[in-house]
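Novice: Once you've had a glance at the structure underneath, I'll fire off some questions.
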Ligand SMILES: [Fe+2]
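What follows is the structure, given as structure tokens:
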């Protein structure tokens, strides 16, 4: 697929994100789905489709769900999609950048489960690195919509740079939220934009952009692929455990 990369950088710099439509082919999304379902069936004895197995494991066997999920980061099928996204990263990085993919994987987006949603945060609070880090975020199986808890961003909030944050955790099984201090003023200041994404579309956003995931009130999960890129070739970052953040 040929992507028109004109103006991507300008839009990215203005808003802190850019959405590129139809940049991932259905064949490569299918290849990822096949690998994911195969990996899922390795940890599950019974029959059933993706949704049934995920919800069953979430209810009765969270350890297996966690193990399966952790192991999906290294699936080689991600490289098919990474190849399609590469031209976008090149144009977002500008002349000097050497984009480096350092993490691939996906988020489960469980239906009707508050435990695994993220409140407002910046990626830069979780990963302290010197240079820009761009996250690519794309729906895997179904469209991402308001109903199924698509991510939303505070448009233009990346110009704030690194913000101080408060640490919150709903329970020991939840993600650790690092919520920017005085988030209510920031929510008033910047427009909240909900990403409406079809399979094939991909959103790219800056490490400083304030964003969150939302409650999935639909019957189905909302699996999304997430790739992270350093925009230069260094790897001197510090990843901290939730307790040390
Ligand atoms: Fe995030």
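Residue numbers (this note's numbering): 174 to 418.
C-beta atoms are modelled at their ideal positions from N, C-alpha and C, and glycine is treated no differently.
Checking 8 angstroms against the spacing of the C-beta atoms, do residue 205 and residue 261 come in under that value?
Specialist: No, Cβ-Cβ distance for residue 205 and residue 261 is not below 8 angstroms.
Novice: What are the start and end residues of each continuous beta strand (DSSP E) run of 3 or more residues lying completely inside the region 224-291, in chain order?
Specialist: Runs found: 273-280.
Novice: Could you tell me if the beta carbon of residue 296 falls within a distance shorter than 7 angstroms of some heavy atom in ligand 1?
Specialist: It does: the Cβ of residue 296 is within 7 angstroms (strictly closer) of some heavy atom of ligand 1.
Novice: Exposed or buried, which one is residue 222 when buried takes at least 16 other CB atoms within 10 Å?
Specialist: With fewer than 16 other Cβ atoms within 10 Å, it is exposed.
Novice: Please work out which residues of its chain come closer than 8 angstroms, Cβ to Cβ, to residue 402, disregarding the five sequence neighbours upstream and downstream, and give them in chain order.
Specialist: Taken in chain order, the residues that qualify are 262, 272, 273, 274, 275, 306, 307, 308 and 309.
Novice: Between the beta-carbon of residue 213 and the beta-carbon of residue 294, is there less than 8 angstroms?
Specialist: Going by C-beta atoms, residue 213 is not nearer than 8 angstroms to residue 294.
Novice: For residue 372, does the three-state DSSP call read helix, strand or coil?
Specialist: Note: residue 372 maps to strand in three-state DSSP.
Novice: Going by CA-CA distance only, name the one from 282, 268, 191 and 201 that's closest to residue 231.
Specialist: It is 282 whose Cα lies nearest to the Cα of residue 231.
Novice: Residue 354: buried (16+ other C-beta within 10 angstroms of its C-beta) or exposed?
Specialist: Counting Cβ neighbours within 10 Å, residue 354 comes out exposed, since fewer than 16 surround it.
Novice: In the DSSP assignment, what residue or residues form a beta bridge with residue 402?
Specialist: Answer is 274 and 307.
Novice: Compute the Euclidean distance between the alpha carbons of residue 303 and residue 314, then round it to the nearest angstrom.
Specialist: Taking the straight line from one Cα to the other gives about 34 angstroms.
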